[in-house]
Amino acid sequence: MFNVRSDEPKYAFLWDKETKETNRYGKPIDLAKEGDELHGVSLNINGDCSIGDNPNRYKQHGFYFNADNCIGCHACEAACSEKNDNPAHIAFRSVGFVEGGSYPAYQRLNISMACNHCDDPVCLKGCPTRAYTKYVEYGAVLQDPDICFGCGYCTWVCPYNAPQLDPVKGQVSKCNMCVDRLEVGLKPACVSACLGNALDFGVIENVPENREQSKTEIPGFPRTDITNPNIRFQQTRQNKRDMTRTDSMPLKYHKDEKVGLYKSALDPKKGQKKEWNWAKLLLSHESSHVAFTLVTQAAVGGFLLLVLGNLFGINAFKTISSSTNLTPLLVVFSVIMSFGLYKLNMHLGKPHRFYRGFYNLRHSPVSREIAGVSLFFASLLGFTFFHSMDFNFLANVCAVLGVMSGPIGLYYMYKLYRIKARPYWDHWQTATSLIGTCLSFSALIIALFLLVVAEPSVTVFKTLATVVLAGLVIDTVGHLFHARYLQTGEGEAQASWYEQTTTFAWPFYISQGLLVVAIIAAFLNILDPSVFTWVVLLLAYLGSAVIKRSLFFALVIPTTMPGAFFWKNQGFQEHAKETGLAKMPQVGVEYEAHRVFNVSELIKTIKETSLKDAQTQLKSIFIWKNT
Amino acid sequence: MLFGRDKKNAIKMVDKKNEKWTYATCGYCSVGCSIEIGTDAEGKVVGSRGVGGADVNRGKLCVKGIFEHELFSSSGRGDKPLIRQSIHEGYSEITWDEAASTMVGEIRRIQETHGRDSFAVVSTGQLLTEEFYTLGKLTRGVIGTNNYDGNTTLCMASAVSGYKRSFGSDGPPGCYEDFEHTECLMAWGSNLPEQHPIIYWRLQEAREQRDFPLIVVDPRVTMLAQKADIHLAITPGTDVVLQNALMYVILNEGLEDREYIDANTVGLEQLEMEVQKYDPTTASAICGIDEDTIRNVARLYAKADSAMSIWTMGINQSTHGSDGVVGINNLNLITGNIGKEGGTSLSITGQCNAMGTREWSSCSGLPGYRALENAKDREEIGKFWNVDPEFFPKKRGLAQTDIFPAIETGQIKGLWLIATNPMTSMPNTERTRKILEKLDFLVVQDSYADVETTQYAHLYLPAATWAEKEGVFTNTERRVNIVRKAADAPGDSKSDFDIFNLIAKHFAGSEKMNFPDKPAEAFEEMKVLSKGRLVDISGMNHDLIEQKRGIQWPYTEEQAVNGEEPPKGGKRLYTENGTFRHADGMAKLIPLPFIDNNEVPDEKYPFWLNTGRLVEHFHTRTKTGKLGNTNKYSPIPFMEINPDAAREMGITQGEYVRCVSRRGDAVVMAMLTQRVPRNMVFIPFHFFDCVNRLTLGLLDPHSRQPAYKQSAIRIEVLANQQEAAQLSKEMRNF
């Protein structure tokens with residue numbers, strides 16, 4: 052048990068006398084009624100099997116933040132990092148700020164934010180490895196770095212920037228609500244350390260002594276319908292109409308006078324200069340996602356075209372499928388897909404824990420994507436092998452499996468990007484882009500292959516060109532609607548459009564130009580296929596696809612907490628890495644460490660896991676007991 | 041609901057395995073927080089926490105204090121004495137005995153050639169009080185130079201001088217408990233949330249219990265200004281005008297406390313005559329505060345049952361610093377707000393032991409607030425130390441800011457710098473470099489071997505830091521609090537106390553004096569010398585201090601013998617009528633004519649340059665710049681500039697710009713914010729080769745403190761941002 056000092060000051064103790072029945076989202080605050088089997092179980096913190104005597108142990112707790120009072124002194128962040136022994140580049144709690152007004156009627160609003168231990172923890176649902184648990188004790192959402200494989204998906208879905216992906220260790224960690232302190236009746240370390248009397252903590256919906264409000268909105272705080280966060284605010288002082296962010300995000304928060312609430316809006320703080328930024332666009336952490344999504348979509352598309360095209364008697368695909376070209380073509384798809392999977396796996400913080408990607412089939416689109424794509428990959432390999440061996444039955448089984456698992460995998464690939472906190476992605480264009488790639492890229496690969504190894508047949512090429520064109524058209528339609536959605540959407544969407552037409556303006560325009568060239572070339576190939584137009588089509592398509600997919604990752608601006616001027620400012624972090632300032636560890640910015648497939652850890656896990664454990668683990672993927 | 045899995049997983053949380061907690065007082069600022077340092081079973085320092093039962097901080101710590109324990113393992117510490125013949129050579133290691141005898145030899149050689157005062161000592165506000173006392177004994181009693189000062193001249197000298205002029209002695213009369221009583225608080229150039237966060241918390245606690253008006257005088261919209269009921273966005277360097285105008289209103293409207301004035305002050309007539317020149321209309325044209333607001337504030341302050349003023353560098357670091365302090369004292373004296381609950385002039389001091397050096401280091405006088413100018417004081421100390429009183433100078437020597445020019449002009453040839461870093465902290469860095477280059481012999485005694493001054497040193501002495509040694513600090517509210525030893529100093533480094541003793545031993549003739557081996561024994565000497573003085577600590581001892589979590593002075597032997605417990609807090613000075621420290625027991629009301637000698641912006645240099653502190657950094661970053669969890673909030677220097685001014689020049693957020701003054705230039709990153717007016721920029725002072733390359737630092741005529749906060753600069757856009765980024769990076773070794 053955590054040691055309570057004899058001179059522990061009064062402010063450090065929890066104060067809830069009475070509690071409410073339900074929270075504002077209509078959910079019960081009591082998470083395990085008396086008699087529930089989850090009652091009276093130890094949290095087992097560091098092997099300590101005792102049970103805390105906190106009278107509100109099974110009630111949802113949450114932070115309370117009085118925005119009038121925060122002075123931005125960093126004491127909460129420091130107390131948290133001291134307790135959790137976090138290095139400079141990791142913080143479970145951070146203070147950011149927004150500013151408004153003009154001198155001397157100027158206002159800085161500091162916002163200290165950690166995890167909101169949400170009713171609907173999207174991190175938990177998104178995590179493919181099931182590293183997250185929401186406990187009945189205090190409603191704490193805890194994450195276990197020892198389970199995590201460092202994909203960072205939780206950091207994408209969380210609107211509050213709570214999970215912290217450590218680029219050095221390759222794993223996520225986050226606020227643990229100081230459950231060890233709660234067990235003995237103490238408030239979390241950050242709250243006890245607060246010097247502005249801004250932070251407080253208690254059973255949710257309880258308003259601390261001397262405070263009057265219990266709001267869920269302040270400027271800069273994202274909307275609550277995504278996760279139902281357990282945080283409440285007080286802010287009685289008037290804010291200025293425009294509250295701007297001081298970090299590099301081109302965002303501000305503008306007051307909607309009618310409802311009195313703040314909405315994010317574009318703040319074009321860098322002007323309208325059009326830039327290139329190739330390196331930033333193409334050499335990012337996300338480039339492995341670019342490679343993986345493109346080749347996987349091509350492979351699934353190719354497989355479906357070949358198998359289904361043959362099945363439905365489309366001449367061109369019948370011709371290919373019945374030729375000796377099929378096996379080498381399948382090998383080509385297998386090889387490029389292997390490359391994509393390799394890139395994806397090696398971008399994980401802990402690539403040797405790849406097998407954990409299936410663990411959360413119950414909730415996580417990532418798990419389902421991984422399951423679908425893996426099954427498809429196995430089917431592709433099986434089909435290729437059995438077909439080449441003329442084991443027709445087995446080849447057919449693989450064909451059926453592949454035709455089913457491929458689309459399932461792609462569907463969840465699409466679903467996993469439909470993140471509410473990422474407006475750029477949260478649009479159906481994500482689907483059209485995916486379908487477009489399936490069609491265009493796969494048909495293009497088939498055509499290219501035939502161009503190199505076989506005698507060109509006009510019918511085949513015309514069909515393939517038609518498929519390419521269909522993909523391009525679908526993609527283009529999606530882009531047109533997406534562009535309108537971005538320009539008229541919420542602030543983050545507008546900010547993405549702004550970045551697209553300034554920071555990455557030239558790559559964006561080039562990708563658009565290439566798309567037009569590709570459409571013309573595809574059209575020409577339908578009319579009169581030639582090697583030249585195919586080569587033009589290939590180059591234009593590849594260029595456009597890679598740039599656009601890279602833009603998809605580079606342009607996403609999450610609805611998340613504002614940063615400060617240096618700390619939690621993406622612009623400064625990039626600057627520190629570019630200039631080498633990040634080489635000094637005390638700057639608090641770290642380069643991403645090289646990822647290692649730690650074979651010995653994998654072998655150790657295999658050795659230490661009993662058959663029974665493995666069975667239990669496997670069972671728990673498919674059989675779920677609780678809600 | 042157990043959500044995410046069926047079976048509970050064991051929870052892993054960091055356990056630092058603290059086995060032992062050692063009591064200390066924080067070594068950063070002067071708030072004087074009680075802190076416990078945690079060590080594990082192997083004796084390794086692993087954590088820290090605020091002491092719950094300590095009256096000052098009541099369990100809280102600021103961001104710096106929370107990570108103070110990481111200092112013990114921070115980079116750049118020195119562990120061996122180093123020597124070199126010339127500053128163009130590399131250093132080589134020597135033993136302590138060689139170092140001490142070399143140093144003594146050089147000091148005597150310089151003094152014999154150029155006179156006793158040609159060797160100067162510049163110390164600090166960072167050492168323990170026993171160390172200050174020992175250094176004072178060594179310097180005044182053995183070395184015998186009169187050019188001995190502390191870096192407190194850069195931060196607190198104006199407060200000291202102002203207190204002396206008004207009350208006859210240094211020593212802040214108030215305490216933190218005054219927040220709990222006051223009816224009106226006026227903060228002059230003090231930004232508590234950033235500079236003294238724990239005092240801010242005490243203020244916030246008091247305001248939540250009982251609301252009272254908070255008036256903040258600051259040209260910048262600081263966090264405290266934002267929290268104020270009335271923010272007076274004053275024109276830099278014109279505080280005295282505002283004070284005079286406030287007194288004009290009070291005296292002309294009959295709001296003064298006649299009874300208090302008669303019983304406690306002299307000089308009202310002259311004061312009244314002077315303030316007549318500053319009617320609110322005239323004053324508002326100079327200080328930029330409209331006349332209605334001046335009247336409003338004056339009435340509010342005077343009519344409050346109790347009103348107090350706090351101030352920090354906004355007042356002290358100005359050419360009218362000492363006058364500004366006297367002005368605050370005047371204001372409080374005429375409204376009867378000294379020595380009563382919630383009524384005081386409380387200077388919020390800078391360094392952890394700025395008070396200790398003022399009381400006991402003999403920098404500007406002799407121990408226990410004694411003056412060199414006073415024959416009786418010289419006699420007393422001479423007798424106690426076994427030094428011929430005639431050996432003491434009869435007048436105070438040069439202040440730090442006059443010692444440096446005296447090196448420039450050749451009167452001073454040797455210098456001993458102790459725990460201070462003028463390369464970053466003095467105004468006009470380029471001039472400071474030139475000056476240090478001229479020295480025949482420079483000794484740098486510091487915990488950090490990478491402190492910038494070692495570029496110019498001949499001898500480097502590695503010192504222990506903070507809780508690697510034992511002794512006391514005095515805080516802003518005159519609380520003596522103790523630091524116990526929690527960790528060993530690295531390598532061969534020694535506590536400053538031991539270093540002073542070692543050097544003393546190497547001086548011929550020092551054996552007739554007593555240099556105790558232990559800090560506690562030195563404390564006993566101080567107690568004897570404090571008896572009957574304002575700064576009476578004779579009732580205290582190290583153990584009692586720890587037990588009480590610090591004791592405010594005065595606490596006399598008599599009180600201790602009579603079993604009178606020292607109070608938890610709330611001790612004040614001058615609570616009885618006519619007990620001020622001038623010979624007649626009266627406080628002086630001093631007229632303050634205003635002379636505008638600031639370097640004001642003009643066409644060539646159109647911006648005011650304001651400087652100040654950040655909460656995450658301490659002084660010249662030798663400590664906080666090495667700790668990621670403090671440094672990361674501002675790892676490189678930046679400049680607050682008004683977005684409208686920036687837009688005019690085409691400067692965008694996060695761009696590097698060049699600032700140019702009549703002294704030099706500096707490269708900083710622009711932070712666009714309406715916190716500053718259109719004609720002003722703010723640059724934090726912590727960074728090496730940065731803002732002090734620009735500052736003028738005109739000296740206050742009384743305190744010799746430099747005016748860091750009033751200079752003029754121009755701003756130039758840098759076309760090559762990459763080059764600027766590299767330049768900025770090269771200047772940051774940490």
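As given, the protein sequences belong to chains A and B, one line each in that order. The first sequence begins at 52 in my numbering and counts up one residue at a time. The second sequence begins at 41 in my numbering and counts up one residue at a time. Just so it is clear, CB atoms sit at the ideal spot from N, CA and C, and this is done for glycine as well.
So, helix, strand or coil for B/A504, using DSSP? B/A504 carries a coil assignment under DSSP once its states are collapsed to helix, strand and coil.
Is the CB-CB distance between B/I447 and B/K423 below 7 Å? No.
Among the residues of its own chain, which have a CB less than 6 Å from the CB of B/D80, if the five just before and after it don't count? Counting only residues of its own chain and dropping the five nearest sequence neighbours on each side, B/D80 has a CB closer than 6 Å to the CB of K57, E59 and V86.
Counting only beta-carbon atoms, is B/W648 nearer than 7 Å to chain A? So, not an interface residue.
Is B/Y614 closer than 7 Å to B/I378 when the C-beta atoms are compared? Contact flag set, yes.
Report all residues from its chain with a CB closer than 8 Å to the CB of B/T275; omit the five preceding and five following residues, and keep chain order. Setting aside the 5 residues that flank it on each side, B/T275 is surrounded in the same chain by P259, I326, C327 and G328, each with a C-beta closer than 8 Å to its C-beta; the list follows chain order.
Assigned exposure category for A/Y642 - 16 Cβ within 10 Å defines buried: Taking a 10 Å sphere around the C-beta of A/Y642, we find fewer than 16 other C-beta atoms and assign the residue as exposed.
For B/T494 and B/V484, I'd like the C-alpha separation in whole angstroms. Roughly 7 Å separates the two Cα atoms.
Does any residue of chain B bring its CB to less than 7 Å from the CB of A/W66? In terms of beta-carbon proximity, A/W66 stays away from the interface with chain B, with every pair separated by 7 Å or more.
Under 7 Å, Cβ to Cβ, is there at least one residue of chain B near A/D170? Chain B contact via Cβ: absent.
Can the beta-carbon of A/C226 be found less than 7 Å from the beta-carbon of A/F343? No, the Cβ-Cβ distance between A/C226 and A/F343 is not below 7 Å.
Excluding five sequence neighbours on each side, which residues of the same chain lie with their C-beta closer than 7 Å to the C-beta of A/Y536? So the qualifying residues of the chain are H478 and A544.
Reducing DSSP to helix, strand and coil, say where B/A764 ends up. The three-state reading of DSSP puts B/A764 in helix, counting H, G and I together.
Given A/C199 as reference, the closest of A/P60, A/C178, A/P106 and A/C209 once Cα atoms are compared: Closest by alpha carbon: A/C178.
Give the secondary structure of A/G152 by DSSP, where H, G and I count as helix, E and B as strand, and everything else as coil. If DSSP states are grouped into helix, strand and coil, A/G152 belongs with the strands.
Could you confirm whether any beta carbon from chain A is found closer than 7 Å to the beta carbon of B/R589? Not closer than 7 Å to any Cβ of chain A, the Cβ of B/R589 fails to qualify, so no.
Please name the residue, chosen from B/R744, B/G364 and B/E695, that lies closest to B/M709 on a Cα-to-Cα basis. In terms of Cα proximity to B/M709, the closest of B/R744, B/G364 and B/E695 is B/E695.
Taking DSSP as the reference, what is the three-state secondary structure of B/W228? Three-state DSSP puts B/W228 in a strand.
If contact is defined by three or more beta carbon pairs under 8 Å, each pair taking one atom from either stretch, is the region 181-192 of chain A in contact with the region 346-366 of chain A? Because the criterion of three Cβ pairs below 8 Å is not met, the region 346-366 of chain A and the region 181-192 of chain A do not touch.
Limits of the unbroken alpha helix (DSSP H) element including B/I255: Note, B/I255: premise wrong, no alpha helix (DSSP H); beta strand (DSSP E) at L254 to V257.
A/L669 classed as buried or exposed, judged by whether at least 16 other C-beta atoms fall within 10 angstroms: A/L669 comes out exposed.
7 Å Cβ cut-off: residues of chain A touching B/E656: Going along chain A in sequence order, the residues near B/E656 (Cβ under 7 Å) are H125.
If you scan the region 405-487 of chain B from start to end, which runs of the alpha helix (DSSP H) of 4 or more residues do you find wholly inside it? The qualifying runs are 415-425, 440-448, 462-465 and 469-477.
Is the region 453-472 of chain A touching the region 492-499 of chain A in the sense that three or more CB pairs, one from each, lie closer than 8 Å? The answer is no - the region 453-472 of chain A does not touch the region 492-499 of chain A, with fewer than three Cβ pairs under 8 Å.
Residue from B/C224, B/H221 and B/A197 with nearest C-alpha to B/P212: Per the Cα distances, B/A197.
The beta strand (DSSP E) enclosing B/W648, as first and last residue numbers: In this chain, the beta strand (DSSP E) harbouring B/W648 covers F647 to G652.
Do you know how far the Cα of B/S358 is from the Cα of A/E625? Cα-Cα distance, rounded: 39 Å.
Check the DSSP bridge columns for A/Y313 and list the partner residues they point to. DSSP, once it has assigned bridges, lists A/K306 as partnering A/Y313.
Name the DSSP beta bridge partners of B/T62, please? Note: B/T62 sits in a beta bridge opposite B/I77.
Three-way DSSP call (helix, strand, coil) for B/M395 in this model: It is helical.
Helix, strand or coil for B/V757? Go by DSSP, reduced to three states. Residue state, collapsed to three classes: strand.
Please confirm whether A/V146 and A/S132 have their CB atoms less than 7 Å apart. Result no, Cβ atoms of A/V146 and A/S132 do not sit closer than 7 Å.
When you compare the CB positions of B/V315 and B/N284, do they come within less than 7 Å of one another, or not? Yes, they are a contact pair.
Beta-carbon gap between B/L373 and B/L574 smaller than 7 Å: No, the pair does not count as a contact, with Cβ atoms beyond the cut-off.
At the 7 Å Cβ level, is A/G639 part of the contact set with chain B, yes or no? So yes, A/G639 belongs to the interface.
Residues in the same chain with beta-carbon distance under 7 Å from B/C215, minus the five sequence neighbours each way, listed in chain order, please. Excluding sequence neighbours, B/C215 sits near E517, Q592, G609, G610, K611 and R612.
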